[in-house]
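In my numbering, the protein residues as written are 30 to 299.
Just below is one structure, and these are the notes that go with it.
Here you go:
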């Protein structure tokens, strides 16, 4: 823990002031840090651009694309932000945790920064000046097959609604590499239904190998790009807020898709 504190001194100071309501535990993140560092720098060689666009203080929302079997993008976002020397900030990953029956897994995710999604939770974090990350593709993004990699599924505009209601800064985030690192061959829907899971992924590693080998991934280089702040109109009228949120959701989806397409073209030309 002492090495972690020395390495991430500014992040530790910032985290001490952040909202601990849901059970965030800096010690859990410190234990996970060597693994995240290995993935970020050595295995996936993540290139992360645009982190300087985030405000040094105050609330913000990061809206990203979903991909791979597990929420690796969220973990790389957590590490990328905590290791950003110029502006280390903690990010709260908003997601659905209700379907996770394993109490230990649920508790672990909460300890490293995941938060059960709700409008009230997001607004609490905004009021505390926190940064929140959402992935509006939801389960559809996690369960899309390899043949549809980097093709965004329709965003759930309601996930953006609390941010628009509060007038919070919104930044789109594209992540290239995640869909290939852990390719989803197919979603075993019948088995998922039997197990009462939102999806049951079948990859080259899962469920064929025992834990932790079933969590293996390919060493595919990642490209993450935090784009310019999205502009939108604020209003006090409910209908106008919802219409603006729907429009913004479609625009963010289009901007992230366009950035993924640009990064793919650059990769093929290289």
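Cβ coordinates follow ideal geometry from the N, Cα and C atoms, glycine included.
In the three-state DSSP reduction, residue 197 falls in the coil class, being neither helix nor strand. According to the DSSP secondary-structure assignment, residue 252 is paired through a beta bridge with 76, 205. The C-alpha of residue 112 is placed about 17 Å away from the C-alpha of residue 54.
Beta-bridge analysis with DSSP links residue 92 to 163, 201. In the DSSP assignment, residue 63 falls within the alpha helix (DSSP H) that extends over 55-66. Residue burial annotation: residue 63 is exposed, with fewer than 16 other C-beta atoms found within 10 angstroms of its C-beta.
Under the DSSP assignment, residue 285 falls in the alpha helix (DSSP H) whose first and last residues are 267-298. Under the criterion of beta carbons closer than 8 Å, residue 143 and residue 124 qualify as touching, at roughly 6 Å.
Distance from the CA of residue 259 to the CA of residue 90, rounded to the nearest whole angstrom, comes to 10 Å.
Counting C-beta atoms within 10 angstroms of its own C-beta, residue 87 has fewer than 16 neighbours from the protein chains shown and is therefore classed as exposed. By the criterion of a C-beta distance shorter than 8 Å, residue 136 is surrounded in its chain by 52, once the five residues flanking it on both sides are discounted. Counting the other Cβ atoms within 10 Å of the Cβ of residue 252 gives 16 or more, which makes it buried.
Residue 105 is positioned such that its CB atom lies closer than 8 Å to that of residue 69.
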